[in-house]
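My numbering puts the sequence shown at residues 11 to 339.
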Amino acid sequence: MDLTTKYLGLTLKNPIVVGSCGLTSSVSEIKKLEKQGAAAVVLKSIFEEEILMDVENQLREARENGFIYDKYSETLDYIDVHVKEDHLDEYIQLIKAAKKEVLIPIIASINCVSSSVWTHFASHIEEAGADGLELNISLNPSDLVTRDFEQSIKVIIHKVLAQVTVPVTIKLNNSFTHMAKTILDLSQTGISGLVLFNRAYMPDIDINTMEAVQGKSFSSPNDFVESMRWIALLSDKVNCSLAAAKGIHTHEAIIKQILAGADAVQIVSVLYENGIESINGLLSGLEKWMQEKGFSSLEKFKGKASSKNVGNPAVFERIQFMKYFSGIH
Ligand SMILES: Cc1cc2nc3c(=O)[nH]c(=O)nc-3n(C[C@H](O)[C@H](O)[C@H](O)COP(=O)(O)O)c2cc1C
11 MDLTTKYLGL TLKNPIVVGS CGLTSSVSEI KKLEKQGAAA VVLKSIFEEE
61 ILMDVENQLR EARENGFIYD KYSETLDYID VHVKEDHLDE YIQLIKAAKK
111 EVLIPIIASI NCVSSSVWTH FASHIEEAGA DGLELNISLN PSDLVTRDFE
161 QSIKVIIHKV LAQVTVPVTI KLNNSFTHMA KTILDLSQTG ISGLVLFNRA
211 YMPDIDINTM EAVQGKSFSS PNDFVESMRW IALLSDKVNC SLAAAKGIHT
261 HEAIIKQILA GADAVQIVSV LYENGIESIN GLLSGLEKWM QEKGFSSLEK
311 FKGKASSKNV GNPAVFERIQ FMKYFSGIH
């Protein structure tokens, strides 16, 4: 059974990529994920704010200890750069060590909100040997300041692509006014892939204390439908590879995403809830289904149920939604 797939120009031994999370933040965990069958991992993100905050903290400490004086601006500049590079170094060491210890592709991840100082770090990530770079661009949809999000993302992409030759992929959130056009436009910027979708932080309200509290940390098994829909609608139109993410907990969900046209899937919540051993079960479920259906490779059924290939593409559209509700009395 040939489970290989091409994602970001990389050949993956199967479509299961472990998404960015705490399970990918150490070499020992990454080795375990590889052993269970993961085809690639996205490292825990390094955060733009985290880097900047670290720089600020260390600068403040240095000032308090009298190590530097504001009037010596060159010293300040030196420490500024030095501290940033120190912080990056931990991440760089993780990439280098992971590349030594495992065979599967290592995709680094940066969580960012702007195209500021961090973009040059991308080149260090490439030098360390990362096979790709995923950007989780966390523009805040509740931001009341008018800002062209799509344009902001394009500026970030432009700056990062100027720094690296490794494939770059963007993990998008699902709140764009014109989703189809945004996805198509971004796929034509020179990036190698898009991850649909990021899971937004979910708050909740405790009705006893009437306080705002943290909501559910993990996705639900039926959350996968959203990315499946957009992948089915756009997989034959985009100019880059697509990974489905969010709510993929079962082998059935993986099969559906590939039928819709996904090149790979990213999983996280299911690994926290059911253990990393579940990768094995997901892969055998996929293989068993392929056997039953007589598919010898993933390529044979990838995109078979995309909106272009199904007899009833309207099922992915609003019109079907209207029909569905008009039928319920
Ligand atoms: C504990 C945890 C930590 C995460 N950390 C990151 C992170 O550092 N960077 C990132 O881009 N996404 C992060 N995510 C989001 C996941 O990569 C993934 O996109 C999201 O959980 C949806 O996939 P799932 O439904 O399989 O969990 C995290 C998710 C969880 C549950």
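Ideal Cβ placement from N, Cα and C applies to all residues, glycine included. Because the structure is a prediction, the values reported are computed rather than measured.
DSSP state of residue i mapped onto helix, strand, coil
i, result
"Thr192", "helix"
"Gly142", "strand"
"Ser294", "helix"
"Pro213", "strand"
"Thr129", "helix"
"Ala108", "helix"
"Gln267", "helix"
"Ser307", "strand"
"Leu149", "coil"
"Val27", "strand"
"Lys41", "helix"
"Ile102", "helix"
"Ile135", "helix"
"Leu20", "strand"
"Ile289", "helix"
Span of the beta strand (DSSP E), counted from its first residue to its last, around residue i
i, result
"Gly203", "Gly203 to Leu206"
"Tyr17", "Thr15 to Tyr17"
"Ser251", "Ser251 to Ala254"
"Asn121", "Ile116 to Cys122"
"Val52", "Ala50 to Val52"
"Glu160", "Not the beta strand (DSSP E): Glu160 falls in the alpha helix (DSSP H), residues Phe159 to Leu171."
"Val275", "Ala274 to Ile277"
"Ile180", "Val178 to Leu182"
Distance between beta carbons of residue j and residue i, contact taken as under 8 Å
i, j, result
"Ala274", "Ala242", "In fact, because the Cβ distance is near 16 Å, the residues do not count as touching under 8 Å."
"Lys45", "Cys31", "No, Lys45 and Cys31 are not in contact; Cβ-Cβ is about 18 Å, not under 8 Å."
"Cys122", "Leu145", "6 Å"
"Ile286", "Leu33", "7 Å"
Assigned exposure category for residue i - 16 Cβ within 10 Å defines buried
i, result
"Ile215", "exposed"
"Gly19", "exposed"
"Met238", "buried"
"Gln161", "exposed"
"Ile277", "buried"
"Pro25", "buried"
"Ser306", "exposed"
"Ile217", "exposed"
Residue range of the unbroken alpha helix (DSSP H) whose run includes residue i
i, result
"Val235", "Phe234 to Leu244"
"Ala222", "Per DSSP, Ala222 belongs to no alpha helix (DSSP H); it is in the beta strand (DSSP E), Glu221 to Gln224."
"Val325", "It is not in any alpha helix (DSSP H) - Val325 carries neither H nor E in the DSSP assignment."
Report yes or no: do three or more beta-carbon pairs, one from the stretch 294-312 and one from the stretch 220-240, lie closer than 8 Å?
Inter-segment contact for the stretch 294-312 and the stretch 220-240 is absent: fewer than three beta-carbon pairs are separated by less than 8 Å.
Should the stretch 300-316 be called in touch with the stretch 277-289, which here means at least 3 C-beta pairs below 8 Å?
In the pairwise beta carbon analysis, the stretch 300-316 is classified as not touching the stretch 277-289: fewer than three pairs are separated by under 8 Å.
Meets three-Cβ-pair contact criterion under 8 Å: the stretch 155-173 and the stretch 105-119
No: the two stretches stay apart, fewer than three of their Cβ pairs being nearer than 8 Å.
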